[in-house]
Each structure stands twice: as C-alpha cells, then as structure tokens.
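Below is one structure; the comments refer to it alone.
2 protein chains.
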Amino acid sequence: MATLRYSEFMEWRELDLGNCSVAATLSLVGERWTLLIMREVFAGLHRFDEIADHLGVSRRVLSERLRQLVEVGLLERRSYQEAGQRSRPEYHLTPHAHDLQWVLAALLQYGDTHLGDPAGAPVLLHHSGCGGQVHVELRCSCGHDVPGSEVEPGLGPGAVRVPSEEATLS
Amino acid sequence: MATLRYSEFMEWRELDLGNCSVAATLSLVGERWTLLIMREVFAGLHRFDEIADHLGVSRRVLSERLRQLVEVGLLERRSYQEAGQRSRPEYHLTPHAHDLQWVLAALLQYGDTHLGDPAGAPVLLHHSGCGGQVHVELRCSCGHDVPGSEVEPGLGPGAVRVPSEEATLS
DNA sequence: AGGCTGAGTTCCGGATGGCAACTCTGCGAT
DNA sequence: ATCGCAGAGTTGCCATCCGGAACTCAGCCT
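Here the protein sequences come in this chain order: A and B.
Every number in our numbering is 29 more than the matching position in the first sequence, counting from 1.
Every number in our numbering is 29 more than the matching position in the second sequence, counting from 1.
What follows is the structure in structure tokens.
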C-alpha cells in the first residue's frame, strides 16, 4: 500500500485519534525509536545492520518499525546487490517522508537550543540548493516570524462537532 | 530543578544519546503520551482529571509523565483553589515549553497534509498578535523557503570526533 | 558440500502500560 | 467531630513491549 489517508488509517490502527492531526502523525511515528530510525535514513543509512549498529536499537524493534514505516508509506524497500552477494533490501525515503523533515528539524532545533552541547550543534541542516543553513520557523499569514509563546490553537473547519461538550483542541 | 543542560541531562538519564539533539529532545518528550499531554496543556487544559479524561491516557501514565515534565522544566506546577475546595495543583507551560510549539506545529502540519481529514484541518494555529494563521516553514539562510526534500544534514561544530569511524549524523 | 554475510526471527526475563479500584487530603455540611 | 465529597494521584493485576543474545535463513563463492 502506498499511503493511507485518515479514514483508512483510523480503521487500520483501530484507534480513536480524537480527530487530531498531532495524534494522527504520532501514531505513525510516535513509537519509541521510529523518529530516530527516520533520522538515520534521512542521514543516509539505508541498511538493516547499518541502522541497528549505529543507532543501537534492538534488531527486533528495528525489524518491526521498518515494516510499519513501509506499511504506512514513509519508507520504501528497494533491492541492492553488492558484488558477490545476493540481493538484499534497502530502505529509502518516500516523497511523503520528506515532509517529516519539519518534525525532525523542529526536534533538532529544540535540542540545540535547550539541551545544547556547549561545543555547538552536532548536526546542521543545509539547503542542497545553495548550501545555506536551514532552520525551522513559525510564520504567520501576516508575514511575521512568530515566537512559540504567541501561537494559540483554535478550531478549524474539520473540528469534531460535539454540541454537548465544550469543544477543545483534540 | 529548573531546566537541565545537555551534560546534566545525560547523567540524569544515564543514556548515551549519541551526541544528537534529536535524540536528546526525544528523550524529554519522546515517550508515549508525552507530546499529547503537552498538546493538551498548550490547548488550555491544566488539571489532572481534565487531561486524563480528555486525552484518555491512563492515570498512572499521566501521573508519571507530568512528574517527568516538571522535572525537566517543561511544565510548572502551580496551585489553584476553587471556592470551597482545598488547593490543588495545576500544570502550566514554562518558557522553555513554548519552543516545543515548533515540534507540535510540525506534527500538526504533517498530519493535516498527509493524513488530513477530508473535512479540513481540525485544529488551526493562530498568531495571538494579529489573529493570522500560523504555519511551519523550513527557511534557508539564503532567504528561501526550503522543501523537505532539499534539506541535507551535515556535521556541525559540536559533532563527535571519531577519527576511526565514518562520521554520520547521530 | 561448506562457509560467509546480511537480514531478520526467536526466546526469555524484566520494564512499561491499561484498567479499575483504592487512598489521601482538605473542605463544607450535619 | 464526624461524614461525605471531589480532585489527584497510587496500587494491584495482568497483558504487552523491549533489550540482548542466540538462532535461522538464503544465496553467493570456493
């Protein structure tokens, strides 16, 4: 399956996600190790043992997470063949997965800012076009860069209508 | 404790995080439920039962996560007192926590884009200053808005120096 | 046929989580 | 002063998940 949309996804996971995109995304990548595995693939590791060894995740969990990630369409299995070896699978990002870059970049930026190694950021993100350094921003439709403290969640068009209950972000 | 910096944090968690800010951040907020609990607090829920009931997290886990979040300085315990009741604790965001808004916003945006409810986004983020709609961007120092597919991780000044090993993002 | 290698799978004991019931603490009413 | 109440956890029990190491499996090469 290529990718799941909300409804299929709900059914597949048998979860009531409370109609929230944050929860929906987390049920794709919110399990232990999943985002770190995605980070490794972003960073250029594509093979089972490479990732297991570098990340220190148990082979059992890696195996399961890779299967899930392929299943939801974030990773794609390809074959590679080293000279004199049989062909083996390799895991690559799908186009969907590139949009997780925002999430990883936000986590990276938070860590650099608040848990930063005094020696400086261990990892920087570069723009492959120009080589410049990339960072994450919250931008308002008014054109301004918005600090996190000035962001307020509100209901959107797809909010669940529950007349009897106070409608809060969920 | 107010907030931990990298080294203290490492010691406290007894983890080798592989010198990566993504992993560091995830060890603060990467456990099951933690980001969803933060989302609830961002959304204006501050009390134990409120969060437990709305989110559907078990009281045991909520109790533990709130304790962790206070410990690492993302939430702050305050007292409130309802008329005719004894004073009870309430959980509020610390200034550090506001910078998690980037992470939550990125998760929200991914979910809206790729797992979106056809009815539209259930939650929108607004700029408290002007009421405009806020979204997350990757911006290059060259001034351009960068798609996720054009972002490449590279080593920064704080990267671990391991001469014998290939140095990859970690 | 036998060995090698990468990619998983299996087994086991310990940690974590869900659910529901229980406790604990002040407050106001009896 | 005692009772009951409500919010905020805590505890017990059971199921699931996880880490680590050993094991299996398939194809390529000798």
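Note that the Cβ used here is the ideal one computed from N, Cα and C, for glycine as well.
Where A:P186 and B:V152 are concerned, what is the direct C-alpha to C-alpha distance, given to the nearest angstrom? Taking the straight line from one Cα to the other gives about 8 Å.
With 8 Å as the threshold, decide whether the Cβ of A:D146 is near any Cβ in chain B. Answer yes: the Cβ-Cβ gap between A:D146 and chain B drops below 8 Å somewhere.
Less than 8 Å between the CB atoms is what I'm expecting for B:L154 and B:A126, so what's the real figure, rounded? 15 Å between Cβ atoms; not a contact.
From the beta carbon of A:S87, is the nearest beta carbon of chain B less than 8 Å away? Contacts with chain B at 8 Å (Cβ-Cβ) do not include A:S87.
Cβ shell of B:S116 (< 8 Å), same chain only, five flanking positions each side left out: Within the same chain, B:S116 has close Cβ partners S108, Y109, Q110.
Quick check on DSSP: helix, strand or coil for A:P118? In this structure, A:P118 counts as strand in the three-state DSSP scheme.
State yes or no: is the beta carbon of B:G113 nearer than 8 Å to at least one beta carbon in chain A? Not an interface residue.
Nonlocal neighbours in the same chain, by C-beta distance under 8 Å from A:C169, ignoring five residues either side: Here the set comprises V175.
Rounded separation between A:A150 and A:V165 - CA only: In this structure, the CA atom of A:A150 is about 15 Å from the CA atom of A:V165.
Tell me which same chain residues have a C-beta within less than 8 Å of the C-beta of A:V132, skipping the five on either side of it? These residues qualify, in order along the chain: T54, V58, L64.
Taking its Cβ as the centre, do 16 or more other Cβ atoms sit within 10 Å of B:C205, making it buried, or is it exposed? This structure gives no information on residue 205 of chain B, because the portion of chain B shown stretches from 30 to 199.
Say whether chain B places a C-beta atom closer than 8 Å to the C-beta of A:L91. For A:L91, the answer is no, since every Cβ of chain B falls outside 8 Å of its Cβ.
Other residues of its chain near A:L104: CB distance less than 6 Å, five sequence neighbours each side excluded: Once the five neighbours on either side are set aside, the close Cβ partners of A:L104 are L98, Y120.
DSSP-derived helix/strand/coil call for A:P182: Reduced to three states, the DSSP call for A:P182 is strand.
Rounded to a whole number of angstroms, what is the C-alpha to C-alpha distance between A:V163 and B:E69? Approximately 29 Å between the Cα atoms of the pair.
How big is the Cα-Cα spacing for A:G102 and B:F77? Their backbone Cα atoms lie some 36 Å apart in a straight line.
Anything in the segment 106-132 of chain B with a Cβ closer than 9 Å to a Cβ of chain A? List those residues in chain order, please. Identification of residues in the segment 106-132 of chain B having a C-beta nearer than 9 Å to some C-beta of chain A yields L122, P124, H125, A126, H127, D128, L129, Q130, W131, V132, given in sequence order.
In DSSP terms, what B:L153 is bridged to: Its beta-bridge partners are A:G183.
Delimiting residues of the alpha helix (DSSP H) encompassing B:Q138: The continuous alpha helix (DSSP H) containing B:Q138 extends over residues 130-143.
So, is the C-beta of B:D141 closer than 8 Å to a C-beta in chain A? With respect to chain A, the C-beta atom of B:D141 has a partner C-beta closer than 8 Å.
Could you give the C-beta distance for B:D141 and A:S50, rounded to a whole number, given that I count them as a contact under 8 Å? Yes, B:D141 and A:S50 are in contact; Cβ-Cβ is about 5 Å, under 8 Å.
Please go through the same chain and pick out, in chain order, the residues whose beta-carbon is closer than 6 Å to the beta-carbon of B:Q114, but skip the five residues on each side of it. If the five residues before and after B:Q114 are omitted, its C-beta is found closer than 6 Å to no C-beta atom of its own chain.
Run down chain A in chain order and give the residues with a C-beta less than 7 Å from the C-beta of B:A52. Neighbours of B:A52 on chain A, chain order: L65.
Does B:V101 come out as helix, strand or coil in the three-state DSSP assignment? Residue state, collapsed to three classes: coil.
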